[in-house]
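> Per our numbering, residue 986 is the first one in the sequence shown, and the count goes up by one each step.
Using N, Cα and C, we set each Cβ at its ideal position, and we do this for glycine too.
Everything numeric in this text was worked out from a predicted model, so none of it was measured.
This is the structure I have questions about; it appears just below.
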Amino acid sequence: MPQKNNTTQNASAGDSEVSNLLAEAGQSSHESEFFSPIPKGYIPGRHKYVAVLGTVMSGLGKGIFSSSLAKLLKDKGLKVEPIKMEGYLNIDSGTLNPYRHGEVFVLDDGMETDMDLGTYERILDQNLGEANFTTSGQIYRRVLDKERHGGYLGRDVQMIPHVTGEVKYNLRKLAMDKDADVVFIEVGGTVGDFENGFYIEALRELAFEEGEEGVCFVALTYVIEPQALGEQKSKAAQLGLKKLMEAGIQPHLVACRGHNEIEETALEKIAMFSNVPKRRCFSMHDRKSIYTIPESMREAGLDREVLTRLGLHDRVNQRHEDKAREDWRVFVSKLTSPRKFQAKIGITGKYAKIRDAYASIDKALEHCGAHLSVDLDVHWLDTTEMDETDVTRELEQLDGIIVPGGFGKRGTEGKIACIKYCRENALPYLGICLGFQMAVVEFARNVCGLTDAGSTEFDPKSPHPVIDILPEQKKIEGLGGNMRLGGKDVQVKTDTLASFLFDEQNMIRARFRHRFEVDPKYIEKLEEQGMIFSGRHPQQPIMQMLELPTKMHPYFIGAQFHPELTSRPLEPQPMFMGLVAAAIQRSQPGLASG
Ligand code: GLN
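Structural data, given as structure tokens:
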């Protein structure tokens, strides 16, 4: 049984620096050189921290490592909260180009974040919010706001202790507000970067203040294997770890990334030069599926090492772990066993060559592929220069099409041509956000006879602007923070395909990120010709799902929201499941329906 309520008895907590700081609070802690604001009500020793830092290079999969380790602890019945700390100055990821940074992942509370938050939500099967994501910009903004409001009167405001203090405050506040047993902190970038230096210093201070069992440091590093040598070289890894130690941080666990399994000799050297026992150096080599990482970490005993370091063994719930582990095992075995079916799915995308820009769609398809035992062959279609003949040539070999979200005019005519092909040729279709809007434009043009129908996003003077800017968005000026964002309720119409997919629930929750919507004055005309708006805003005339009746088309559906953001390994998103099922049926027409 977890024994959260006894944590004040934790041996080390009573004499930690936090206790001293708390004792001092109330007096002006601003006077002290060790200024460290601590949220009111914070109980020392109750919350623990795992900090995951990268060395040698970025792109090592810190998020995957961190979420897998967090999952192991969550499986044991502990409450975990991840936080990603980004080095950049943007307040959120909303204005970042997905071509450079990967997709913008939208949380239920509307926060626009890095795609790693998607990894955490999926692996932990847990909704996150703005407290789980921070940037340098947010930290500096809070410090500067405080300064303007007299929060540091009489003092010069400094990187240490004020900026680092703000970081520690946020971590403790997250831990306290969510009553987390363990907060998993992932620092973006690599140790030695200019922009994340203050996070690393804050974590060093946090470890000092929280005391012996308070913080577990994990370093990710990379073991190179130059082709010309044909052997693994650990020098870069050693130097990377030294860099971390120079910053005053002794790692407790080292995860070694590498293409092949890291050899004993390399692990031995890394262990010896970083003072980390070899049993705590883990080979995190490339593997077929990232979903096997949690189990292989468990086999290597990493979970127990973390529990020991943090003094958490007494909070473990064994029954909870057995059940969670079995559920995951079943999913992984579906994922790794040979597939019964094959299907080809086309995805139209402006960033057709960059998979990270559509990471969640990729994952949603992966979830469905495992659950329906189908090998999905994904074709990325660049629609920028496609005409109708190209469309026919490309699409006739496919079993389903997704037109995903997007901004800007480029490629939209090609997308509309793809949708037309799907509608006329019974090719299963899933339109996401822009793909939903383009389905409305296509239907208005080619079925309702509004030949110049369009979206004012691309054609402000369109004579039939079936897609137009939201009235509430019109008032908001400037870029950044002016979209309809986050989780909202969607009312599902009974006796529709959507209602079937969502198990006849009449209200679902979905995540949005858009500025434009269907202009309500065209709804009647679209419906007269057969389009069904099967999902609506519960009060306002905002159309959120559309479909064609099954007598007109086997599977044609669209969402103004982003269904890919809420697909989870153990609970794949229904609209994706529907598309994949319809695609299987198209590729294997002999199959019984169901
Ligand atoms: N560009 C469209 C809008 O702003 C669609 C957005 C999207 O696909 N995420 O409404």
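On the three-state DSSP scale, how would you describe alanine 1337?
Position 352 of the sequence shown holds residue 1337. Interpretation of alanine 1337 is limited by its pLDDT of 49, a score under 50 that renders its predicted location unreliable; the figure taken from the coordinates is listed afterwards. Of the three classes helix, strand and coil, the one that applies to alanine 1337 here is coil, per DSSP.
> Return the residue from the list Ser1519, Ile1346, Glu1379 and Ile1454 that minimises the CA-CA distance to glutamate 1549.
Within the sequence shown, the letter at position 564 stands for residue 1549. With distances taken between Cα atoms, glutamate 1549 lies closest to Ile1346.
> Bridge partners of glycine 1241, per DSSP?
Locating residue 1241 in the sequence shown gives position 256, where the first residue counts as 1. Per the sequence shown, residue 1241 should be read as cysteine rather than glycine. Note: cysteine 1241 sits in a beta bridge opposite Thr1206 and Ser1268.
> Can you tell which of Glu1509, Leu1129, Arg1469 and Asn1155 has the C-alpha that lies nearest to the C-alpha of tyrosine 1184?
To locate residue 1184, count along the sequence shown from 1; it is residue 199. For the residues Glu1509, Leu1129, Arg1469 and Asn1155, the minimum Cα distance to tyrosine 1184 belongs to Asn1155.
> What beta strand (DSSP E) runs, 3 residues minimum, are completely inside the region 1407-1471?
DSSP runs (the beta strand (DSSP E)) wholly in the region 1407-1471: 1414-1417, 1438-1440 and 1449-1454.
> Am I right that glycine 1331 and leucine 1383 are in contact with their C-beta atoms under 8 Å? What's the rounded C-beta distance?
For the purposes of this step, residue 1331 is taken as the residue at position 346 of the sequence shown. For the purposes of this step, residue 1383 is taken as the residue at position 398 of the sequence shown. With 8 Å as the limit, glycine 1331 and leucine 1383 qualify as a contact, their Cβ atoms being about 4 Å apart.
> Since I believe valine 1317 is in contact with threonine 1377 (beta carbons under 8 Å), could you give me their beta-carbon distance rounded to a whole number of angstroms?
Start at 1 with the first residue of the sequence shown, and residue 1377 comes out as number 392. Start at 1 with the first residue of the sequence shown, and residue 1317 comes out as number 332. With a Cβ gap of about 40 Å, threonine 1377 and valine 1317 do not count as contacting.
> What is the residue span of the alpha helix (DSSP H) that histidine 1305 lies within?
The sequence position of residue 1305 within the sequence shown is 320, counting from 1. From DSSP, the alpha helix (DSSP H) with histidine 1305 extends over 1303-1321.
> Following a CB-centred definition, is glycine 1062 positioned closer than 7 Å to any heavy atom of the ligand GLN?
In the sequence shown, the residue the question calls residue 1062 occupies position 77. No, since every heavy atom of the ligand GLN falls outside the 7 Å radius drawn around the Cβ of glycine 1062.
> Alpha carbon to alpha carbon, how far is asparagine 1005 from glycine 1026?
Start at 1 with the first residue of the sequence shown, and residue 1005 comes out as number 20. Start at 1 with the first residue of the sequence shown, and residue 1026 comes out as number 41. Rounded to whole angstroms, asparagine 1005 to glycine 1026 spans 14 Å at the Cα level.
> Near arginine 1294, which residues of its chain fall below 6 Å by C-beta distance, leaving aside the five closest residues on each side in sequence?
One-based indexing of the sequence shown puts residue 1294 at position 309. Here the set comprises Cys1201 and His1237.
> Would you call the CB atoms of glycine 1114 and methionine 1096 closer than 8 Å?
Here residue 1114 refers to the residue found at position 129 when the sequence shown is read from its first residue. Here residue 1096 refers to the residue found at position 111 when the sequence shown is read from its first residue. Contact: yes.
> Determine contact between the region 1040-1058 and the region 1215-1234, defined as no fewer than three beta-carbon pairs at a distance below 8 Å.
In short, these stretches touch, since the Cβ pair count reaches three.
> Less than 8 Å between the C-beta atoms of histidine 1499 and arginine 1469, yes or no?
Position 514 of the sequence shown, counted from the start, is the residue given in the question as residue 1499. Position 484 of the sequence shown, counted from the start, is the residue given in the question as residue 1469. Yes, Cβ-Cβ distance for histidine 1499 and arginine 1469 is below 8 Å.
> Any heavy atom of the ligand GLN closer than 7 Å to the CB of glutamine 1529?
Locating residue 1529 in the sequence shown gives position 544, where the first residue counts as 1. Every heavy atom of the ligand GLN is 7 Å or more from the Cβ of glutamine 1529, so no.
> Taking 7 Å as the cut-off, does the CB of glutamine 1591 come closer than this to any heavy atom belonging to the ligand GLN?
Because the chain in this structure spans residues 986 to 1579, residue 1591 falls outside the shown range and cannot be described.
> Classify histidine 1356 as helix, strand or coil using the three-state DSSP reduction.
If you number the sequence shown from 1, residue 1356 lands on position 371. Histidine 1356: helix per DSSP, three-state reduction.
> Comparing C-alpha positions only, which one of Val1425, Gln1217 and Arg1289 sits nearest to methionine 1530?
In the sequence shown, residue 1530 corresponds to position 545, counting from 1. It is Val1425 whose Cα lies nearest to the Cα of methionine 1530.
> In terms of DSSP beta bridges, what is glutamate 1502 paired with?
By 1-based counting over the sequence shown, the position of residue 1502 is 517. Per DSSP, Asp1453.
> Got a sec, what are the start and stop residues for the beta strand (DSSP E) arginine 1521 sits in?
For this step, residue 1521 is matched to residue 536 along the sequence shown. Start and end: 1517-1521.
> Would you say glutamate 1398 touches the ligand GLN, meaning its beta carbon is less than 7 Å from a heavy atom?
Within the sequence shown, the letter at position 413 stands for residue 1398. Outside the cutoff, so no.
> Taking C-alpha atoms, which residue in Phe1485, Pro1523 and Asn1467 lies nearest to methionine 1492?
Counting from 1 along the sequence shown, the entry for residue 1492 is found at position 507. Of Phe1485, Pro1523 and Asn1467, the residue nearest in Cα terms is Pro1523.
> Does DSSP put leucine 1531 in a helix, a strand or coil?
Counting from one through the sequence shown, the residue named residue 1531 turns up at place 546. Note: leucine 1531 maps to strand in three-state DSSP.
> Would you call the CB atoms of leucine 1287 and leucine 1058 closer than 8 Å?
The sequence position of residue 1287 within the sequence shown is 302, counting from 1. The sequence position of residue 1058 within the sequence shown is 73, counting from 1. No, they are not a contact pair.
> Report yes if the CB atom of proline 1029 is closer than 8 Å to the CB atom of serine 1001, and no otherwise.
The sequence position of residue 1029 within the sequence shown is 44, counting from 1. The sequence position of residue 1001 within the sequence shown is 16, counting from 1. The answer is yes: Cβ separation under 8 Å.
> Shorter than 7 Å, the distance from the beta carbon of leucine 1191 to the closest heavy atom of the ligand GLN, or not?
Working through the sequence shown from its first residue, we reach residue 1191 at position 206. No, the ligand GLN has no heavy atom inside 7 Å of this Cβ.
> Less than 7 Å between the CB of histidine 1244 and some heavy atom of the ligand NAD, yes or no?
The ligand NAD is not part of the structure shown, which contains the ligand GLN as its ligands.
> Do arginine 1581 and the ligand GLN come close, with the Cβ less than 7 Å from some heavy atom?
Residue 1581 lies beyond the residue range present for the chain, which begins at 986 and ends at 1579; the question has no answer from this structure.
> Return the chain-ordered list of same chain residues with a C-beta closer than 8 Å to the C-beta of leucine 1109, the five sequence neighbours on each side being excluded.
Translated into positions along the sequence shown, residue 1109 becomes position 124. For leucine 1109, where only same-chain residues beyond five positions count, the Cβ hits under 8 Å are Ser1052, Ala1055, Lys1056, Lys1059, Val1065 and Pro1067.
> Using only the alpha-carbon positions, how far apart do glycine 1122 and histidine 1147 sit?
In the sequence shown, the residue the question calls residue 1122 occupies position 137. In the sequence shown, the residue the question calls residue 1147 occupies position 162. About 15 Å.
> Within the present structure, is the beta-carbon of leucine 1550 separated from the nearest heavy atom of the ligand GLN by less than 7 Å?
What you label residue 1550 is simply residue 565 of the sequence shown in a count that begins at 1. Every heavy atom of the ligand GLN is 7 Å or more from the Cβ of leucine 1550, so no.
> Sort out for me which residues DSSP pairs alanine 1036 with in a bridge.
By one-based count along the sequence shown, residue 1036 stands at place 51. According to DSSP, which records beta bridges pairwise, alanine 1036 is partnered with Ile1170 and Phe1202.
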